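Below is one structure, written out as structure tokens; the observations come after it.
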Amino acid sequence: MIEVANRLQTVEEYYFSKKLREVSALIASGKPIINLGIGSPDLQPPQKVIDALVEGFSSPVAHKYQSYQGLPELREAICSFYKTHFKVSLSPLIEVLPLMGSKEGIMHISMAYLNEGDAALIPNPGYPTYQSVTKLVGAEPMFYELDAANNWQPDFEALEKQDLSKVKIMWVNYPHMPTGAVPSASVYKDLVAFGKKHNILIVNDNPYTFILNDDPRSILSVEGAKEVCLELNSLSKTFNMAGWRVGMVVGDGQHISNVLKVKSNMDSGMFYGIQKGAIEALKCTDMWFSTLNSVYKKRRDLVWQLADALNCTYDKNAVGLFVWAKLAEGIEAEQFIDKVLKENHLFITPGTIFGTKGEGYIRFSLCGSTEDLEEAIARFK
Numbered sequence: 001m002i003e004v005a006n007r008l009q010t011v012e013e014y015y016f017s018k019k020l021r022e023v024s025a026l027i028a029s030g031k032p033i034i035n036l037g038i039g040s041p042d043l044q045p046p047q048k049v050i051d052a053l054v055e056g057f058s059s060p061v062a063h064k065y066q067s068y069q070g071l072p073e074l075r076e077a078i079c080s081f082y083k084t085h086f087k088v089s090l091s092p093l094i095e096v097l098p099l100m101g102s103k104e105g106i107m108h109i110s111m112a113y114l115n116e117g118d119a120a121l122i123p124n125p126g127y128p129t130y131q132s133v134t135k136l137v138g139a140e141p142m143f144y145e146l147d148a149a150n151n152w153q154p155d156f157e158a159l160e161k162q163d164l165s166k167v168k169i170m171w172v173n174y175p176h177m178p179t180g181a182v183p184s185a186s187v188y189k190d191l192v193a194f195g196k197k198h199n200i201l202i203v204n205d206n207p208y209t210f211i212l213n214d215d216p217r218s219i220l221s222v223e224g225a226k227e228v229c230l231e232l233n234s235l236s237k238t239f240n241m242a243g244w245r246v247g248m249v250v251g252d253g254q255h256i257s258n259v260l261k262v263k264s265n266m267d268s269g270m271f272y273g274i275q276k277g278a279i280e281a282l283k284c285t286d287m288w289f290s291t292l293n294s295v296y297k298k299r300r301d302l303v304w305q306l307a308d309a310l311n312c313t314y315d316k317n318a319v320g321l322f323v324w325a326k327l328a329e330g331i332e333a334e335q336f337i338d339k340v341l342k343e344n345h346l347f348i349t350p351g352t353i354f355g356t357k358g359e360g361y362i363r364f365s366l367c368g369s370t371e372d373l374e375e376a377i378a379r380f381k
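244 is the number that full-length UniProt numbering gives to position 244 of the sequence shown; each next residue is one higher, with no gaps.
See the structure below:
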């Protein structure tokens, strides 16, 4: 047997990759599984986006290698989007890099900045990929704990007490996944100041900002943020394009150049038609967001009813594509979701996959139809 690389000893297969095999097997055996586990939008992208993709197939350049930096008009569309929605000015030439989904940006940024022995600050609870990628590049995950008492915001006093000498990157994610917490009025400013003080690159992962959120914000709107910040964003949730794999990283030109050195050695450009579709998506008006969120509001109301039926508590001020719910005292998350999957044929996510601070919580996705949500509620009445 050929031995695998040492880096694979530090990580496990992604939770959903494993769990969804179990769910698929139950479905194949005839079980009526309702999947409220993952945030994969079931709604359609705007029709003009699909039309642009189809039209792109007929272009004489569609089947050629594309630019490593994306089409100029895609970069310009990203800049216009940031200017319109966040009041952030970006240069399409040097401050924008389209990605094949923002998830790959986590790897590219880590490879660009982390050496073996360096450290990255990672939220607990938080997106599991921050930890796994940090380990894959040989760096050390350092967790900073978030809790409901502080509305899931960083405790800067606690951070200052840690040994930050090896920290190169701090992963931040607001609106926060999985909790749905929105950033306070000061947290972005505090993060920029923290990054400057300790020479740490602050990376805000920002894919949920337009889902059920009345106040979309970018960390780059803070004065001086570009010196120490990058921001990841995505079309997956905002425009129901998760399978298209379109994201972006934006920030200072030197930071973007460093990330491009990695990315340009790992792929050969995004398919032309997908880029043309992405351009049309980024041109959508506020009517798109209003229509999308009207659907999610109805679904969230139903998920709240489901959470009530499961004797959970939750924050009605949270935003994003999920409902983060606290279980009754003494109930363990993974045992609970396995019981519900077996007995009620409902798949929901245990909070523990997001870190130790997720114990006692579960996460519902809003990516289930009204009919599925009503059926899920009925199974517990």
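Just so you know, even glycine gets a beta-carbon here, dropped at the ideal spot from N, CA and C.
Note that the structure is a prediction, hence the values are computed from the model and not measured.
By the criterion of at least three beta-carbon pairs nearer than 8 Å, the region 262-282 is in contact with the region 69-85. Remark: C-beta atoms of L292 and L321 do not approach each other more closely than 8 Å. Proximity to N258 across N233, I94 and T285 peaks at I94, based on C-alpha coordinates. By the neighbour-count criterion, in which 16 or more other beta carbons inside 10 Å mark a residue as buried, N199 falls on the exposed side.
When DSSP assignments are scanned along the region 73-149, the uninterrupted stretches of beta strand (DSSP E) that are 3 or more residues long and fall wholly within it turn out to be 96-99, 119-124 and 140-145. By alpha-carbon distance to Y127, the top candidate from S89, A52, V246 and T179 is T179.
A Cβ-Cβ separation of about 19 Å leaves N173 out of contact with D214 under the 8 Å criterion. The residues R299, L302, V303 and L306, in chain order, have a CB closer than 7 Å to that of L373 in the same chain once the five nearest residues on each side in sequence are set aside. Its Cα nearest to that of K135, the residue N115 stands out among N115, R379, A376 and C312.
Ranked by Cα distance from L36, the options K283, K19, F86 and I50 are led by K19. Across the structure, I348 and S102 are spaced so that their CA atoms are roughly 24 Å apart. Counting C-beta pairs with one atom in each stretch, the region 187-202 and the region 229-237 have three or more that are closer than 8 Å, which means they touch.
For I50, the enclosing alpha helix (DSSP H) has its first and last residue at Q47 to G56. With respect to I34, A325 sits apart: the two C-beta atoms are not nearer than 8 Å. Boundaries of the beta strand (DSSP E) harbouring Y361: Y361 to S365, taken from the DSSP string. Taking the Cα positions, L327 is about 23 Å away from E22. Beta bridge pairing from DSSP links D252 with no other residue. Three or more Cβ pairs closer than 8 Å define a contact, and the region 266-277 meets that threshold against the region 54-74. For the beta strand (DSSP E) assignment, the uninterrupted runs of no fewer than 3 residues enclosed by the region 300-340 are, from N- to C-terminal side, 322-326.
For W171, the beta-bridge partners assigned by DSSP are V203. For the pair I122 and Y130, the CB atoms are nearer than the 8 Å cut-off. Apart from the 5 residues on each side of it in sequence, G70 sits with its Cβ closer than 7 Å to the Cβ of P98, M270 and Q275 in its chain, given in chain order.
Relative to M287, the option among F239, K87 and G251 whose CA is nearest is F239.
Residue range F156 to E160 is occupied by the alpha helix (DSSP H) that includes E160.
For G247, the beta-bridge partners assigned by DSSP are L99 and S234.
Y82 is positioned such that its CB atom lies closer than 8 Å to that of V250.
Under DSSP, the beta-bridge partners assigned to C229 are I202. For L282, the enclosing alpha helix (DSSP H) starts and ends at Y272 to L282. Cα atoms of K261 and D51: separation of roughly 33 Å, rounded to the nearest angstrom.
Secondary structure at I34: strand, using DSSP grouped into helix, strand and coil.
The C-alpha of R217 lies about 42 Å from the C-alpha of K31. Under the three-state reduction of DSSP output, L220 falls in the helix class.
In this structure, A309 places its C-beta atom within 8 Å of the C-beta atom of F380.
Each of S236, P125, S80 and T209 was checked against the Cα of R363, and the nearest Cα belongs to P125.
Cβ-Cβ separation between Y68 and S264: approximately 4 Å, consistent with a contact (criterion under 8 Å).
Between K161 and Y208, the gap from beta carbon to beta carbon reaches 8 Å or more.
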